[in-house]
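Colleague: After the structure tokens below, expect a handful of questions from me.
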Amino acid sequence: MKTTIKREDILAPLQQVIGAVERRQTLPILGNVLFKSTGGDITLTATDLEIEMVARVAAGDSEEFQTTIPARKLLDICKALPESSEISFTIDDSRVSLTSARSRFSLASLSARDFPSLEEIEELHSFSIAQNVFKELFDKTSFAMAQQDVRYYLNGILMEISSEKIKLVATDGHRLALSESDLDTGIDEEKQIIIPRKAVLELSRL
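Take any residue in the sequence shown, note its place counting from 1, add 418, and you have its number in the numbering used here.
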């Protein structure tokens, strides 16, 4: 199985999900990114079993396949290649070969069947918010999050959503930060959820 993608098209989504790749690698496959082609799109998925991040890129006419690739090695290769170069991926049973001009790389892969997936939750409510507004809310509150408090609910940000407003609150037990913004969410009842610290940090990077 083979597909060709422009360097920039794979680099951007890879940088988006790399933060979810497990650094300690308690399980080897957590150091990999799930690389899946549906024929028109390629999906990159990374997880550390606490958070899962997914990014998609249009791939044109591509064969359908899925495998896992060492995430940080793939990122280093993409960064090292010249801008606007094209990368050809050839997928075999246990290896992934990358070719770009005169450069060739071969990476060991692990079966996509063994890649863990977080349990999907039923979507009850959804809304959209501008990226810059969401980031500003995080920037004004994330500094007050606890880091490794035994009171796990302090290791994150409380997000409170009403029909016309979104509010973020964080505290480490000594200081408290609050930020809010007007937003037409279309939600009838007030909802609250705690966003874990790592998810907050990754969302702030988007």
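Backbone N, C-alpha and C define an ideal beta-carbon position, used for all residues, glycine too.
Below 9 Å between beta carbons: does that hold for G437 and K616?
Modeller: Contact flag set, yes.
Colleague: Taking only the alpha-carbon atoms, compute the straight-line gap between E578 and S455 and give it to the nearest angstrom.
Modeller: Between E578 and S455, the C-alpha separation is close to 36 Å.
Colleague: Only counting the same chain, and skipping five residues up and downstream in sequence, which positions put a Cβ closer than 6 Å to that of Q434?
Modeller: If we look at Q434 and ignore the five residues flanking it on each side, its Cβ neighbours are A473.
Colleague: What do you get for P488, buried or exposed, if any count of 16 or more other CB atoms within 10 angstroms of its CB means buried?
Modeller: Buried is the call here.
Colleague: Which residues bound the alpha helix (DSSP H) around P614?
Modeller: Note, P614: premise wrong, no alpha helix (DSSP H); beta strand (DSSP E) at 609-614.
Colleague: Would you kindly work out how many angstroms separate the C-alpha atoms of T461 and L576, rounded to a whole number?
Modeller: Each residue's alpha carbon lies about 30 Å from the other.
Colleague: Closest to D606 by CA distance: which of L542, L586, K424 is it?
Modeller: With distances taken between Cα atoms, D606 lies closest to L542.
Colleague: When burial is assigned at 16 or more other CB atoms within 10 Å of the CB, is N550 buried or exposed?
Modeller: Result: exposed.
Colleague: Provide the residue span of the alpha helix (DSSP H) that contains Q434, from first to last.
Modeller: Taken as a continuous stretch (DSSP letters only), the alpha helix (DSSP H) holding Q434 covers 425-435.
Colleague: With respect to the beta strand (DSSP E) encompassing E554, which residues constitute its N-terminal and C-terminal limits?
Modeller: It is not in any beta strand (DSSP E) - E554 instead sits in the alpha helix (DSSP H) that spans 549-559.
Colleague: Using DSSP bridges, identify the partner residues of L594.
Modeller: Paired residue(s): T589.
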